[in-house]
Structure formats: structure tokens, C-alpha cells
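Q: Numbering-wise (my numbering), the sequence shown opens with residue 45 and increments by one. We put the beta carbon where it would ideally sit given N, CA and C, even for glycine. Computed from a prediction, not measured in an experiment: that's the story for all the values here. This is the structure I have questions about; it appears just below.
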Amino acid sequence: MRKLLQKQILGSKKGNKGTPVTTLTEDKLKGLVYVNEEFEGWKAECLKILQSKFDSKTCTFAPDREISEALQKSTVGQAANFKQTQKLCMPFLRFKKDEAIAIGPQAWDLRLPFGEIDVLQENLDLIRRQLGLEEVEILSVADHDALAKAGLLASLLKQNPPSPGNPTAIFVTKIGINVEENQQRRIKNNILAFAKRYFSPEKVKILSAISDPDLQRQEFIKLWTLKVSKVPQITKVT
């Protein structure tokens with residue numbers, strides 16, 4: 045998480061030619077660490093398949109071909125986006141097979157043998173020091189109030205959802221929070237005037253070409269989210 049934070053800060057200093065740059069520093073950032081303590085969706089389905097294809101007497105798995113066929117016949121395999129999901133499933137299945145051989149059947153449990161949120165909370169001071177942030181919160185992705193704290197960035201949790209042992213961190217700026225609060229109050233701010241302060245002329249031109257206010261607002265939110273957010277596995281756009 046520290047590397048991701050540094051990339052966000054360094055990325056904010058580059059800016060765009062002719063555009064005023066708002067430099068991000070640790071004192072302007074707040075860390076939101078989202079945790080999911082139970083495997084869900086395709087990961088849960090993969091674990092169930094592994095469990096059904098494991099021979100406890102010989103401590104071996106069925107051939108990969110048989111596991112792959114079971115995946116195709118599952119609810120995951122019947123989904124329209126299976127080809128895309130399959131690319132994620134196969135590495136996960138291999139990892140969990142190796143883990144099961146190393147630690148036993150608990151490798152396919154849907155939950156970790158400890159409370160992940162509790163462990164992170166106990167080490168919160170260490171996490172703050174490592175990140176160099178005064179404000180870091182450990183939150184459950186299942187808590188609607190916790191999701192509300194991410195504001196406009198909550199949608200990024202769907203792109204990179206947390207899973208047991210793999211939390212998702214979002215770094216938000218005070219500027220980003222203010223923008224989100226203003227929109228929640230439905231204040232009709234001048235989007236273009238704001239964009240000219242923080243975006244490159246090219247991006248302002250894109251917004252100016254959109255005549256529909258709602259579509260212009262959606263595009264602005266998209267551009268702003270890319271500018272101030274940083275989530276694991278998402279490339280920083282400046």
C-alpha cells in the first residue's frame with residue numbers, strides 16, 4: 045500500500061502542461077482499507093469445486109481437466125462473461141490447490157481462521173506509520189455506511205473487490221471528499237470552471253463538447269475519479 049501511495053503522490057506532482065497542479069502530500073490524504081472476510085462469487089464457486097474434487101484418502105486432487113469441466117458446468121461457467129472470468133479462475137484454482145497440499149483442507153474454507161478486521165485494527169498504528177498517514181480506517185465492504193465513506197470512489201471496489209487476505213485500499217483526498225459532498229447536496233457548481241483549475245486543456249475540451257448536463261457531470265466524475273484515486277491493480281491516470 046505504501047508503494048501505491050507514493051505513486052499517487054508522485055503522479056500528482058507531474059501534472060499537465062499549462063495546468064495548475066494541486067500537489068498531493070500525506071497530510072492531504074486519508075486511507076480507507078476495505079476488507080471482505082468471506083470469499084464470494086466465482087472465488088467461492090472455485091473453492092467448492094476444489095473441495096468436491098479432493099480425495100481425502102489419497103490427499104490428491106482430480107485431474108485438471110476434470111476440475112476445468114466442473115467449472116464450466118457451474119453457475120460461473122454458465123455466465124455470459126465466463127471467458128473473462130475463467131482467466132481469473134485458473135490462477136486462483138492453482139494457488140488454492142498448492143495451498144491445500146501445504147496446509148490441508150482449510151485452504152478452501154470460505155473464511156480465514158481469524159478475524160481479519162480485528163487483526164488489522166490491532167495493527168492500525170503500525171499501518172499508519174508505514175503509510176505515513178494520520179488517518180487510516182479499516183472498514184468492512186459489507187457495511188453500507190462504510191461504503192458511503194468512499195463516496196464516488198465506491199464503484200472502484202466493484203472493479204477490484206477485496207477478498208480474505210487481500211484487502212483493497214483507496215486513498216482519497218480532502219478535495220475529492222468535498223466534491224462528492226457538494227454533489228450529494230446537489231449544488232449546481234460550474235463544472236467547467238472547476239475543470240479548468242485541475243484538468244488539462246484537452247480534458248476541458250472534452251467536457252465542453254458535452255451539451256447534456258447529466259452526461260457532462262458523469263464524464264467529469266469519471267475524470268476526477270481517475271485523477272485523485274488509487275486502488276490496487278488500477279493504473280494511475282494523470
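Looking at the secondary structure, which residues open and close the alpha helix (DSSP H) in which residue 252 lies?
A: Its alpha helix (DSSP H) spans residues 245–252.
Q: Within the stretch 56–142, note down every full beta strand (DSSP E) run reaching 3 residues or more, in order along the chain.
A: Counting whole runs of 3 or more residues, the stretch 56–142 contains the beta strand (DSSP E) stretches 73–79.
Q: Taking the alpha carbon of residue 91 as the reference point, which residue from 126, 131, 171, 149 has its own alpha carbon closest?
A: 149
Q: Leaving aside the five residues before and after residue 181 along the sequence, list all residues of the same chain whose C-beta is less than 6 Å from its C-beta, in chain order.
A: 76
Q: Going by beta-carbon coordinates alone, are residue 254 and residue 196 separated by less than 7 Å?
A: no
Q: On a CA-only basis, which of 118, 207, 144, 188 is nearest residue 105? Give me that one, please.
A: 144
Q: Rounded to whole angstroms, what is the Cα-Cα separation between residue 248 and residue 240?
A: 6 Å
Q: At which residues does the alpha helix (DSSP H) containing residue 331 begin and terminate?
A: Beyond the ends of the chain as shown, which are 45 and 282, falls residue 331; an answer cannot be given.
Q: Who are residue 214's beta bridge partners in DSSP?
A: 76
Q: Let me know if residue 96 comes out buried or exposed under the rule of 16 or more other beta-carbons within 10 Å of its beta-carbon.
A: By the Cβ-count criterion, residue 96 is exposed, with fewer than 16 other Cβ atoms from all chains shown falling within 10 Å of its own Cβ.
Q: Rounded to whole angstroms, what's the CA-CA distance from residue 267 to residue 100? Just pull it up for me.
A: 52 Å
Q: Shortest alpha-carbon distance to residue 198 belongs to which of 173, 212, 117?
A: 212
Q: If residue 184 sits next to residue 120, beta carbons under 8 Å apart, how far is it from one beta carbon to the other, in whole angstroms?
A: With 8 Å as the limit, residue 184 and residue 120 do not qualify as a contact, their Cβ atoms being about 24 Å apart.
Q: Report the residue from 108, 204, 122, 202 whose alpha carbon sits nearest the alpha carbon of residue 140.
A: 108
Q: How many whole angstroms separate the CB atoms of residue 114 and residue 93, which I take to be in contact at a CB cut-off of 8 Å?
A: In this structure, residue 114 and residue 93 form a Cβ contact; the two beta carbons are roughly 5 Å apart against a cut-off of 8 Å.
Q: In three-state terms, what does DSSP make of residue 199?
A: helix
Q: For the alpha helix (DSSP H) holding residue 165, just list the boundary residues, first then last.
A: 160–166
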